[in-house]
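Chemist: The sequence shown begins at 6 in my numbering and counts up one residue at a time.
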Amino acid sequence: MTTTNKGQHAAAPPKGDVTGAEAIVRFLADHGADLLFGYPGGQVIPLYDAIYKSGIRHVLCRHEQGAAHAADGYARASGRVGVVIATSGPGATNLVTGLANAHMDSVPLVAITGQVPTTSIGTDSFQEADIYGITIPITKYNYLVKDPADLLDVLAEAFHLAASGRPGPVLIDVPKDIQTAEIPYRKPHPPAIPGYSPKPQASADEVAALAEALHRSFRPVIYVGGGAAATGVHKEILKLAEGSDAAVATSLLAKGVFPDAHELSLGLPGMHGAKYANLAINESDLIIGLGVRFDDRVVGDVRRFAPLARIAHVDVDPAEIGKRLSVDLPVTGDLKLVLDLLAKKLRHSKRPEWRSRIAELKEAYPLSVPESAPSGAIKPQALMKAVSDATSGEAVTVTDVGQHQMWAAQLIRSSKPRRFLSSGGLGTMGFGLPAAMGAALSGPGVPTVLLTGDGGFQMNIQELATIRENDVPVKIVVSNNGCLGMVRQWQQFFFGERYSSTVFKFNPDFARIASAYDIPARRVEDPAELEGAVSELLASDGPALIDVAVEKEENVLPMIPAGKGQTDFFGEGS
């Protein structure tokens, strides 16, 4: 890879026709980066001056973390690389949560940060921070550019790394004197990265073994992860499942890759997954993981996960295979290439007994929507169902993190990839509002609905100004229970109902706050008004908000406590 972080000072800048800042902007335009998110500051003024002269669209967010999440939402919804810009020091460090979030969920981002001039690095100059060193563990790769001659090649390499193989965020730290140096603009050299194989070729023997295992299986389950969403293999997975009568479970990040309404769909497994999904996996004799991490929230006790099953794992990243549990059939390769090869070897077979068993489990343990609370409050599950019914699974639905996220994963019907966006691995509260803004700005052609809680909503609430300023048509649904619901639930179940710092003594009037941002809003407290309020929200032009008062002490069920086995259900109805 290009190394630009060595040496004490920049090399003598080559003379040319553009400044480094202008070269960055021209590269972005040539590369098809049609939308930038960011926040200016002293060490990126040259870059922002180049943006001003270029005409490329830039969205001024109100906080760098919001900008990072907006670029993340843009990338998830569109499949393109998101771009975020920040200045040095606090501007750059404010990106850290967004970069870590994208890294955990394998989202393609390029972050461009300003840095103090190369001659000042290491002197504790004003607003200096070693963002290169800080972000090494939370990026796919990163750079500190110390030679203007390297700048264009670094940009080309960064975009290639971000989008290829297992996607992820890449950071480029550009000192101010590199931005002002004059360089010749040229088409960057095609990235040549020794040892980097973004599309590893699975061996024919591995694929043949997988095909044979599927042929011999009686109760197969395909477990689909975010890698399947990123590679766009939803049609291939549908064909594989229907051709083999394999049930399909989807991780949080893969929701929509396989239609939720399909009779073979198990939906979300794991801690807050459907009981029938966990029971089906527990009874299966073959698990085929496709682009999935087998994370702890799904697997739980690795010794008791799918105890009767052989485990097959297909992933582009060899580091993921065998990381959490033993794998019987490892297949390292690009998911689309592997599925294409598998389709050629697959012997279609029907498994009516397994289909019947899946239907039986679904009927016995449905995900139900409870009646209104005794207090007359709106049940949060009813809110999710109302949104699902009103959107018919066609909207881009973005969640924040918490109880509402899990109810949304359970009850929002989705039938297409890139239509359900959520912070998975990092579980980042505050992700929802800016991510929904970025998703809506990516031009999906369908409504964008944000489902958020009163806790997460307040973490990046300032982005309402960005939404209003750019007239972004995000439909915001606040599930307002007056507490940090997921932590409160754990305190109820496992800490003797000692609600330490999880119940808000004060919450603002979110409808009035939205109105102060010139965003139409209303408060909803009566269950009889819920469906009408959701329909009115979706029918509105531009951004709009409803603040829905929901039952405070409602719990997300089913629930499997952390580290327990797949059948260790906890709480009412278990």
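Cβ coordinates follow ideal geometry from the N, Cα and C atoms, glycine included. All values reported here derive from a predicted model rather than from experimental measurement.
If you follow the alpha helix (DSSP H) that V392 is part of, which residue opens it and which one closes it?
Modeler: If you number the sequence shown from 1, residue 392 lands on position 387. First-last of the alpha helix (DSSP H) with V392: 385-396.
Chemist: On the three-state DSSP scale, how would you describe Y79?
Modeler: Along the sequence shown, read from residue 1 onward, the residue named residue 79 stands at position 74. In the structure shown, Y79 sits in a helix (DSSP, three-state: H, G or I).
Chemist: Report yes if the C-beta distance between A72 and Y44 is below 7 Å; otherwise report no.
Modeler: On the sequence shown, residue 72 is found 67 positions in, with the first residue counted as 1. On the sequence shown, residue 44 is found 39 positions in, with the first residue counted as 1. One thing to note: A72 has its Cβ within 7 Å of the Cβ of Y44.
Chemist: Please name the residue in S447, A26, N485 whose C-alpha comes closest to that of Q463.
Modeler: On the sequence shown, position 458 is the one that residue 463 refers to. The shortest C-alpha separation from Q463 is found at N485.
Chemist: In the DSSP assignment, the beta strand (DSSP E) including L334 goes from what residue to what residue?
Modeler: On the sequence shown, residue 334 is found 329 positions in, with the first residue counted as 1. Per DSSP, L334 belongs to the beta strand (DSSP E) from 334-337.
Chemist: Could you name the residues of the same chain whose beta carbon sits closer than 7 Å to that of G12, not counting the 5 residues immediately before and after it, in chain order?
Modeler: As a first step, residue 12 must be located in the sequence shown, where it is residue number 7. In this prediction, G12 has a pLDDT of 35, which is less than 50 and means its spatial position is unreliable; what the coordinates show is noted afterwards. Cβ neighbours of G12 beyond the five flanking positions: K151.
Chemist: Leaving out five residues before and five after V343 in sequence, what residues of the same chain have Cβ atoms less than 7 Å from its Cβ?
Modeler: On the sequence shown, residue 343 is found 338 positions in, with the first residue counted as 1. Take V343, set aside five residues on each side of it, and the residues of its chain with a beta-carbon closer than 7 Å to its own are A207, V212, V319, V336, in chain order.
Chemist: Quick one, which of G103, G338, T118, V175 has its alpha-carbon nearest D210's?
Modeler: On the sequence shown, residue 210 is found 205 positions in, with the first residue counted as 1. Comparing Cα-Cα distances from D210 to each of G103, G338, T118, V175, the minimum goes to G338.
Chemist: If you compare alpha carbons, which of D301, A279, D552 is closest to G458?
Modeler: Taking the sequence shown and counting its residues from 1, the one referred to as residue 458 is at position 453. Nearest option by C-alpha distance: D552.
Chemist: Could you give the residue range of the beta strand (DSSP E) that holds R62?
Modeler: Taking the sequence shown and counting its residues from 1, one reaches residue 62 at position 57. From DSSP, the beta strand (DSSP E) with R62 extends over 62-65.
Chemist: Suppose the cutoff is 8 Å on Cβ atoms and the five residues either side in sequence are ignored; what does the same chain contact list for Y522 look like?
Modeler: Within the sequence shown, the letter at position 517 stands for residue 522. Excluding positions up to five away in sequence, the list reads L469, A470, I472, R473.
Chemist: What did DSSP end up calling L431 once you bin it into helix, strand or coil?
Modeler: Working through the sequence shown from its first residue, we reach residue 431 at position 426. Residue state, collapsed to three classes: coil.
Chemist: Check for me: the alpha helix (DSSP H) holding P439 runs from which residue to which?
Modeler: Position 434 of the sequence shown, counting from 1, holds the residue named residue 439. That run of the alpha helix (DSSP H) goes 437-446.
Chemist: For my contact list, V410 and S393 are in at a C-beta cut-off of 8 Å; report their separation, rounded to the angstrom.
Modeler: Along the sequence shown, read from residue 1 onward, the residue named residue 410 stands at position 405. Along the sequence shown, read from residue 1 onward, the residue named residue 393 stands at position 388. The identity of residue 410 in the sequence shown is Gln, whereas the question assumes Val. Between S393 and Q410 the Cβ distance is about 14 Å, and since that is not below 8 Å, they are no contact.
Chemist: Would you check if there are 3 or more beta carbon pairs closer than 8 Å linking the segment 402-417 to the segment 354-370?
Modeler: no
Chemist: Tell me the start and end of each unbroken beta strand (DSSP E) in the segment 212-264 that is at least 3 residues and wholly inside, in chain order.
Modeler: 225-229, 252-255
Chemist: Does the beta carbon of P563 sit closer than 7 Å to a beta carbon anywhere in chain B?
Modeler: Chain labels in this structure do not include chain B; a single protein chain is all it has.
Chemist: Quick check on the DSSP output: what are the complete alpha helix (DSSP H) runs of length 4 or more inside the segment 285-343, in order along the chain?
Modeler: 301-304
Chemist: Return the residue from the list I50, P452, Q386, D531 that minimises the CA-CA distance to I183.
Modeler: For the purposes of this step, residue 183 is taken as residue 178 along the sequence shown, with counting starting at 1. That would be I50, whose Cα lies nearest to the Cα of I183.
Chemist: Would you call the CB atoms of Q494 and N287 closer than 7 Å?
Modeler: Here residue 494 refers to the residue found at position 489 of the sequence shown. Here residue 287 refers to the residue found at position 282 of the sequence shown. The answer is no: Cβ separation not under 7 Å.
Chemist: Is the beta carbon of A526 closer than 7 Å to that of A516?
Modeler: Position 511 of the sequence shown, counting from 1, holds the residue named residue 516. Position 521 of the sequence shown, counting from 1, holds the residue named residue 526. Cβ distance < 7 Å, so A516 and A526 count as in contact.
Chemist: Alpha carbon to alpha carbon, how far is E187 from N10? Give it in angstroms, no decimals.
Modeler: The residue labelled residue 10 in the question sits at position 5 within the sequence shown. The residue labelled residue 187 in the question sits at position 182 within the sequence shown. Residue placement at N10 is flagged as unreliable, the pLDDT there being 48, under the threshold of 50; the coordinate-derived value follows with that caveat. Rounded to whole angstroms, N10 to E187 spans 20 Å at the Cα level.
Chemist: Ordered along the chain, which non-local residues of its own chain (more than five positions away) have a Cβ less than 7 Å from that of S447?
Modeler: Numbered from 1 along the sequence shown, position 442 holds the residue referred to as residue 447. The residues are Y79, A82, S83.
Chemist: Taking the straight line between their C-alpha atoms, what separation do you get for G460 and D22?
Modeler: As a first step, residue 460 must be located in the sequence shown, where it is residue number 455. As a first step, residue 22 must be located in the sequence shown, where it is residue number 17. Rounded to whole angstroms, G460 to D22 spans 50 Å at the Cα level.
Chemist: Just curious, the alpha helix (DSSP H) that V101 is in, first and last residue?
Modeler: Here residue 101 refers to the residue found at position 96 of the sequence shown. Note, V101: alpha helix (DSSP H), 101-109.
Chemist: When you compare the CB positions of P174 and T144, do they come within less than 7 Å of one another, or not?
Modeler: What you label residue 174 is simply residue 169 of the sequence shown in a count that begins at 1. What you label residue 144 is simply residue 139 of the sequence shown in a count that begins at 1. Yes, the Cβ-Cβ distance between P174 and T144 is below 7 Å.
Chemist: So Q120 is in the beta strand (DSSP E); what residue range does that whole segment cover?
Modeler: Residue numbering aside, residue 120 sits at position 115 when the sequence shown is read from its first letter. Its beta strand (DSSP E) spans residues 114-120.
Chemist: For P312, count neighbouring Cβ atoms within 10 angstroms of its own Cβ and tell me buried if that reaches 16, exposed if not.
Modeler: As a position in the sequence shown, residue 312 is number 307, starting the count at 1. It is exposed - the Cβ of P312 has fewer than 16 other Cβ atoms within 10 Å.
Chemist: For A15, collect the residues of the same chain with a Cβ closer than 7 Å to its Cβ; drop the 5 residues on either side in sequence, then sort them by chain order.
Modeler: One-based indexing of the sequence shown puts residue 15 at position 10. Any reading at A15 must be qualified, since the residue scores a pLDDT of 44, below 50, and its modelled position is unreliable; the value itself is stated next. Once the five neighbours on either side are set aside, the close Cβ partners of A15 are T123, K151, D152, P153, D182, I183.
Chemist: Could you tell me whether the Cβ atoms of I417 and T433 are closer together than 7 Å?
Modeler: Here residue 417 refers to the residue found at position 412 of the sequence shown. Here residue 433 refers to the residue found at position 428 of the sequence shown. No, these two residues do not count as a Cβ contact at 7 Å.
Chemist: How would you call D345, buried or exposed, if buried means at least 16 neighbouring beta carbons within 10 angstroms?
Modeler: Against the sequence shown, residue 345 aligns to sequence position 340. Exposed: under 16 other Cβ atoms inside 10 Å.
Chemist: Exposed or buried, which one is R352 when buried takes at least 16 other CB atoms within 10 Å?
Modeler: Residue mapping note: residue 352 aligns to position 347 of the sequence shown, counting from 1. Exposed, because fewer than 16 other Cβ atoms sit within 10 Å of the Cβ of R352.
Chemist: Go ahead and label H277 buried or exposed: buried means 16 or more other beta carbons lie within 10 angstroms of its beta carbon, across all protein chains shown.
Modeler: As a position in the sequence shown, residue 277 is number 272, starting the count at 1. Classification for H277: buried.
Chemist: Give me the residue from A163, C66, R31 with the minimum Cα distance to K58.
Modeler: In the sequence shown, counting from the first residue as 1, residue 58 sits at position 53. It is R31 whose Cα lies nearest to the Cα of K58.
Chemist: Using beta-carbon positions only, say whether P375 and K384 come within less than 7 Å of one another.
Modeler: Stepping through the sequence shown from its first residue, residue 375 is reached at position 370. Stepping through the sequence shown from its first residue, residue 384 is reached at position 379. For P375 and K384, yes; Cβs fall inside 7 Å.
Chemist: Measure the C-alpha to C-alpha separation of L347 and S270 and round it to an integer number of angstroms.
Modeler: Reading the sequence shown from its first residue, position 342 is the one you call residue 347. Reading the sequence shown from its first residue, position 265 is the one you call residue 270. Spanning the two alpha carbons is a distance of roughly 21 Å.
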